[in-house]
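The structure appears right after this line, and notes come after that.
In the working numbering, the protein residues as written are 5 to 472.
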């Protein structure tokens, strides 16, 4: 049977409360009995002192035969009888002895025996017989009271031992219970929360991997399921947003792409006009050259269209080892028509430099960064694309720098925010850098922007060399 974490916690605390309540009740009962025992011992000790006084005057009488000693002995015997009667009434149920009635009768017999001698009731025993019996009765009574006091002391020690045992069991039980509660919280609360925390940290870093289900996760299983639904939805919407940004970029690049397609079409048209005008009269070598040029321009137009189709196609995210220079060249080929004649493009990327990435998405990042730099410079400036490996940090880095107007410090903090743009209306969607940031996070990397107003900007991307 499966119980929820709430029921388990309530059950543990109910069990803990029952154990603590039982131990507390036993300890309280022990303390109460001990308190009454202490009172009983104190009063029995006073009773014993009274008996000793009775015996003392009894012995004085035997030694001196002074009738006043016998009267004093009787007074103390009566006090002892009254005290024993009060003890039996008030504390009898806490006493080790249960024969208080017999002892009270013995004391009463002792008093009557004294009275019979003092009052001269017949038949009077001789003195030696009286003294012998009086001594025996006194010994029996005092011996009984002494034994009772000793038994009460022994029982008190046993109660102390029991109380120490109860306290030890209480502390041990509490320690065991706390350890069990700690283990329970660690296993059923802390571990699931840590797993969820790691999953959320991955989400914030751009990793769209689902959070694995937890065995015996209880309520946290539902939370993890909901988080995984959220991750899938974020992934889907991120892909939709990336695709929409691609389409927006294509819309922005339409004029440049049209210009790029127009050049090969014009060249083809010119070559065909030459062939038509000089039909049958041109030199075979000239005719071959015109046809070759037409073929080259067709291939050029096909490459442009293929690049556009590849860029706009919706593809699943996939990392593979690629040559970064080819990715840069492909991105620049798409935006070539957007680059004014007064802007110089500098590419400082080794031909053999390789890295693990999704080439289509990284191409989109490079395009966004380059187009932003071009728009920031206007008609003149220098756009620099650099890439290098940093073995010390096991990282691959590339940067896109421009010599444009730069970014204001207050805007630099928001530059990655979705829909934030400093461009004029119609020249930007505010999604480029936000989508690029998401793509970089998918690669486990990070992007950093450095800029000063009037001194240009540089965007640096760092990706770990190891495949994820």
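Beta carbons: idealized from backbone N, C-alpha and C, even for Gly.
Query: Cβ-based neighbour list, residue 114, same chain, cut-off 6 Å, excluding 5 preceding and 5 following; Result: 81, 141
Query: Contacts around residue 430, its chain only, beta-carbon distance under 6 Å, and the 5 residues preceding and following it disregarded; Result: Its pLDDT being 48, under 50, residue 430 is placed unreliably by the model, and nothing is read from it.
Query: Where residue 353 sits in the DSSP three-state scheme; Result: coil
Query: Residue 538 vs residue 232 beta-carbon contact at 8 Å; Result: Since the displayed the chain opens at 5 and closes at 472, residue 538 lies outside it and no answer follows.
Query: Close Cβ partners of residue 167 (< 6 Å) along its chain, the five nearest in sequence each way excluded; Result: 34
Query: For residue 56 and residue 71, the rounded distance between their alpha carbons; Result: 18 Å
Query: Rounded separation between residue 449 and residue 455 - CA only; Result: 20 Å
Query: Exposure label - residue 368; buried when at least 16 CB within 10 Å; Result: buried
Query: Distance CB(residue 451)-CB(residue 438) smaller than 8 Å; Result: no
Query: Anticipated Cβ contact below 8 Å, residue 446 with residue 328, distance rounded; Result: Their Cβ separation, rounded to whole angstroms, is 17 Å, which puts residue 446 and residue 328 out of contact at 8 Å.
Query: 7 Å CB neighbourhood of residue 150 in its chain, flanking five on each side removed; Result: 52
Query: Identity of the residue in 410, 382, 373 nearest residue 402 by Cα; Result: 373
Query: Where residue 434 sits in the DSSP three-state scheme; Result: In this predicted model, residue 434 has a pLDDT of only 45, less than 50, meaning its place in the structure is not dependable enough to derive any value.
Query: Residue 423 - DSSP class collapsed to helix/strand/coil; Result: At residue 423, the pLDDT of 46 sits below 50, so the modelled position is not reliable and the matter cannot be decided from this model.
Query: Reduced DSSP category for residue 275 - H, G, I as helix; E, B as strand; rest coil; Result: helix
Query: Residue 123 - DSSP class collapsed to helix/strand/coil; Result: coil
Query: Beta strand (DSSP E) runs contained entirely in the region 152-197, provided each spans 3 or more residues; Result: none
Query: Straight-line gap, residue 396 to residue 200 (C-alpha atoms, nearest Å); Result: 32 Å
Query: Spatial distance of residue 50 from residue 76 (CA atoms); Result: 17 Å
Query: Residue 441 classed as buried or exposed, judged by whether at least 16 other C-beta atoms fall within 10 angstroms; Result: buried
Query: Counterpart residues of residue 404 in DSSP-defined beta bridges; Result: 389, 463
Query: For residue 217, the three-state DSSP class (helix, strand or coil); Result: coil
Query: Presumed contact (8 Å Cβ cut-off) between residue 391 and residue 353, rounded CB distance; Result: 4 Å
Query: Residue 29 to residue 12 span [Cα, whole Å]; Result: 25 Å
Query: Continuous alpha helix (DSSP H) stretch holding residue 486: start and end; Result: The chain is shown only over 5 to 472; residue 486 falls outside these bounds and no answer can be derived.
Query: Beta bridge counterpart(s) of residue 468 as assigned by DSSP; Result: 399
Query: C-alpha distance - residue 111 paired with residue 78, whole-angstrom precision; Result: 10 Å
Query: Residue 343: first and last residue of the uninterrupted beta strand (DSSP E) it sits in; Result: Residue 343 -> no beta strand (DSSP E), and no H or E assigned at all.
Query: Proximity winner among 443, 305, 274, 459, relative to residue 366 (alpha-carbon distances); Result: 443
Query: 8 Å Cβ cutoff met for residue 383 and residue 341; Result: no
Query: Local Cβ density within 10 Å of residue 280, reported as buried at 16 or more and exposed below that; Result: exposed
Query: Rounded distance between the beta-carbons of residue 335 and residue 381, thought under 8 Å; Result: Not really, about 17 Å apart at Cβ, beyond 8 Å.
Query: Test item: CB-CB of residue 302 and residue 272 under 8 Å; Result: yes
Query: Inter-residue Cα distance where the pair is residue 73 and residue 109; Result: 23 Å
Query: Beta-carbon proximity check, residue 348 vs residue 409, cutoff 8 Å; Result: no
Query: Residue 380: first and last residue of the uninterrupted alpha helix (DSSP H) it sits in; Result: 363-381
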